[in-house]
Every structure is written in structure tokens, then in C-alpha cells.
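Student:
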Amino acid sequence: MENYKKKCPHCGSKSTLPFAYGLMSDEVQQENAKEEKYVWGGCVIHINSSPTDYCNDCKKSFGVLSKKLNNKT
Numbered sequence: 147m148e149n150y151k152k153k154c155p156h157c158g159s160k161s162t163l164p165f166a167y168g169l170m171s172d173e174v175q176q177e178n179a180k181e182e183k184y185v186w187g188g189c190v191i192h193i194n195s196s197p198t199d200y201c202n203d204c205k206k207s208f209g210v211l212s213k214k215l216n217n218k219t
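In the working numbering, the protein residues as written are 147 to 219.
(1) Only counting the same chain, and skipping five residues up and downstream in sequence, which positions put a Cβ closer than 8 Å to that of C157?
(2) Have a look at Q176 and S161 and give me their C-alpha separation to the nearest angstrom.
(3) May I ask you to report which of helix, strand or coil DSSP gives D203?
(4) Based on DSSP bridge pairs, tell me the residues matched to L169.
(5) Does DSSP put V190 in a helix, a strand or coil?
(6) Among D199, I193, I191, which has the Cα closest to the Cα of K151?
(7) Determine the direct distance from the alpha carbon of S159 to that of E173, and round the result to whole angstroms.
And the structure:
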């Protein structure tokens, strides 16, 4: 993602990528290997512990996925 510029809290770099979660096809994985749009986080999402972002410079993950509450009844 060209405009993805989250700042790494560990080293201050803006060379970061978002994590993507879920089952991905071989085609999607090959496309991402060429374009590096995201870091694959696996098939299982752990609310309040799975990271949201990855730093390409210091190789550390940061951010935490949290459950968004829906106000509709």
C-alpha cells in the first residue's frame, strides 16, 4: 500500500505494512509476494492480542485488533 504510513512505535519508521488475516488462495499470496501490500497474519484472529501492523525496518509487530461494538439492536 503506497499511502500506508503508520509510524512504528518501536523505531519510528514509516516503512510499515498492515496485517491481513484469513485463508488466502495461492494466487493472492503470489500477488502479495510481488507487491508487498500486507503481511499475512494467519487464519486465526485473536481479538485484543493479534497485531495490526508490521515494521519492515525493526521487524516488530505493533497495534492490537479489537472488537468493534455494533450499536444496532
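No residue lacks a Cβ here, since even glycine has one placed at the ideal position from N, Cα and C.
Tutor: Considering the structure as presented:
(1) Walking along the sequence shown from the start, residue 157 turns up at place 11. Closer than 8 Å at the Cβ level, and outside the excluded window around C157, lie C201, D203, C204, K206.
(2) The residue given as residue 176 occupies position 30 in the sequence shown. The residue given as residue 161 occupies position 15 in the sequence shown. Near 21 Å, if we compare the C-alpha coordinates of S161 and Q176.
(3) As a position in the sequence shown, residue 203 is number 57, starting the count at 1. Coil.
(4) Counted from its first residue, the sequence shown places residue 169 at position 23. Its beta-bridge partners do not exist; DSSP assigns none.
(5) Your numbering for residue 190 matches position 44 in the sequence shown. Reduced to three states, the DSSP call for V190 is coil.
(6) Mapped onto the sequence shown, residue 151 falls at position 5. Comparing Cα-Cα distances from K151 to each of D199, I193, I191, the minimum goes to D199.
(7) Position 27 of the sequence shown, counted from the start, is the residue given in the question as residue 173. Position 13 of the sequence shown, counted from the start, is the residue given in the question as residue 159. Looking at the two C-alpha atoms, the distance is approximately 30 Å.
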